[in-house]
Amino acid sequence: MSGIPRGTGTEVENLSVQADDIRSQSVVVARYIRDARRLVEAARAAGATVGLVPTMGFFHEGHLSLMRAARDECGYSVVSIFVNPTQFGDGEDLGSYPRDMEHDLELAAAEGMDLVFAPSAAEMYGGGQGTMVEPGRVAAGLCGRSRPGHFRGVATVVAKLFNIIGPDAAYFGQKDAQQAAVVRAMADDLDFHTRIRVMPTVREPDGLAMSSRNSYLSTDERRQAAVLYQALTRVRQAALAGECSASALVQSLEREIGEQPAVELEYAQVVDPDTMQPVAQLGKRALAVVAARVGPARLIDNILIKRRD
Ligand code: PAF
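Okay, structure coming up:
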């Protein structure tokens with residue numbers, strides 16, 4: 188945004204990081220909390236609203252769509268890149284989670300981000316993390332059940348990012364519907380002033396939801412993974428055609444997904460989109476949600492379904 192101090196040479200000199208760490212392809216990178224705070228405060232003092240896109244990096248179109256929304260709606264846009272250790276359980280893919288900082292910085296620059304906040308784990312959790320944010324009931328089922336402690340880690344790091352950046356709006360993807368509901372509840376319960384914006388899932392041409400973890404799939408697994416969206420689309424059509432029983436819709440998901448040998452269904456459910464609690468009958472709006480293991484990847488997806496009125 189014009190008129191707002193950007194990461195020019197002057198700021199580079201003032202930041203407590205190596206110069207070559209800071210500027211890459213004309214996007215400013217802050218590795219330290221104090222530097223991010225200083226840059227955001229300068230933007231705010233110049234009158235900008237601040238948007239934050241929290242990510243774990245390895246950008247795909249889904250991330251870019253969040254950045255575009257932030258850029259269109261806010262005067263100063265920040266994307267954070269941090270593979271957050273507290274949201275990974277034992278035996279999960281923290282060590283192998285895909286990373287490509289150089290490419291991410293190029294993409295963030297191309298999307299017109301004003302600041303990339305890319306702290307180390309030591310910067311975020313250096314003193315240990317005695318205090319954690321414990322999400323409520325919305326985090327109990329679905330991925331919360333399969334990945335104990337996952338949403339506690341997500342809520343904690345998002346609360347920290349909100350406190351560091353102080354965004355007016357923060358952008359999340361609908362693919363991670365339960366995460367968005369957890370963050371929304373956390374922001375409400377803890378009185379953050381940040382508006383939570385949830386943007387549509389971006390899909391591959393065959394419907395597979397974009398995810399950094401799709402890069403783990405072999406060609407055959409990648410082909411079979413498309414069944415997740417196909418099965419979700421089928422239950423949306425069934426609901427529109429008058430099927431109101433959640434268990435009938437769940438059975439349809441289980442049947443169709445079960446036909447692909449590489450896809451091991453973890454859960455299929457129909458839930459209330461705000462509370463993430465299972466429903467027995469379709470109300471006005473419901474969310475069909477699935478999680479599955481496909482080879483080394485754990486994939487999730489969902490679709491909003493409506494009852495025929
Ligand atoms: O969705 C993600 O990439 C992460 O869960 C998030 C929101 C950046 C928190 O680490």
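Its first residue numbered 188, the sequence shown is counted upward by one per residue in the working numbering.
Beta carbons: idealized from backbone N, C-alpha and C, even for Gly.
Model, not experiment: these values are computed from the prediction.
Query raised in the report: With burial defined as no fewer than 16 other Cβ atoms inside 10 Å of the residue's Cβ, what is the status of R322: buried or exposed?
Result: This sequence places Pro at residue 322; Arg is not what is there. Buried, because 16 or more other Cβ atoms sit within 10 Å of the Cβ of P322.
Report task. Classify R495 as buried or exposed, calling it buried when 16 or more other Cβ atoms lie within 10 Å of its own Cβ. Result -> Under this definition R495 is an exposed residue.
Query raised in the report: Where A295 and L452 are concerned, what is the direct C-alpha to C-alpha distance, given to the nearest angstrom?
Result: Their backbone Cα atoms lie some 34 Å apart in a straight line.
Query raised in the report: Grouping DSSP H, G and I as helix and E and B as strand, with all else coil, what is P504?
Result: Because the chain is modelled from 188 through 496, residue 504 falls outside the range shown and cannot be assessed.
Query raised in the report: Would the beta-carbon of L415 fall within 8 Å of that of I444?
Result: Yes; because the gap between Cβ atoms is below 8 Å, this pair is in contact.
Report task. Flag P354 as yes when its Cβ comes closer than 7 Å to any non-hydrogen atom of ligand 1, and as no otherwise. Result -> When distances are taken from the beta-carbon of P354 to the heavy atoms of ligand 1, even the shortest one reaches 7 Å or more.
Report task. Return helix, strand or coil for M386, following the three-state DSSP convention. Result -> M386: strand per DSSP, three-state reduction.
Query - Minimum C-alpha distance to F269 - residue among A257, P306, G299 - result: Proximity to F269 across A257, P306, G299 peaks at P306, based on C-alpha coordinates.
Query - Helix, strand or coil at V216 [DSSP, three-state] - result: If DSSP states are grouped into helix, strand and coil, V216 belongs with the strands.
Query raised in the report: Where do the ends of the alpha helix (DSSP H) carrying S333 lie?
Result: Run containing S333: 329-333, per the alpha helix (DSSP H) assignment.
Report task. Report whether the distance from the Cβ of Q456 to the nearest heavy atom of ligand 1 is below 7 Å. Result -> The nearest non-hydrogen atom of ligand 1 is 7 Å or more from the C-beta of Q456.
**Report entry** When E391, R485, N489 are compared against R421, the one with the closest alpha-carbon
**Finding:** The shortest C-alpha separation from R421 is found at N489.
Query raised in the report: Which residues in the same chain as A413 place their Cβ atom closer than 7 Å to its Cβ, once the five residues preceding and following it in sequence are excluded?
Result: Short of 7 Å from the beta carbon of A413, and not among the five residues preceding or following it, lie these beta carbons of its own chain, in chain order: D393, G394, L395.
Report task. Measure the CB-CB distance between F245 and R286 and report whether it falls below 8 Å. Result -> Taking a C-beta distance under 8 Å as the contact criterion, F245 and R286 qualify as a contact pair.
Query raised in the report: Which same chain residues, not among the five before or five after G299, have their C-beta less than 6 Å away from its C-beta?
Result: Taken in chain order, the residues that qualify are R258.
Query raised in the report: What does a CB cutoff of less than 7 Å around A308 pick up in its chain, not counting 5 residues either side in sequence?
Result: Leaving aside the five residues that flank A308 on each side, the residues in its chain whose CB is nearer than 7 Å to its CB run, in chain order, P272.
Requested in this report: State the Cα-Cα distance for the pair Q424 and G317, rounded to the nearest angstrom.
Outcome: The straight-line gap from Cα to Cα measures roughly 47 Å.
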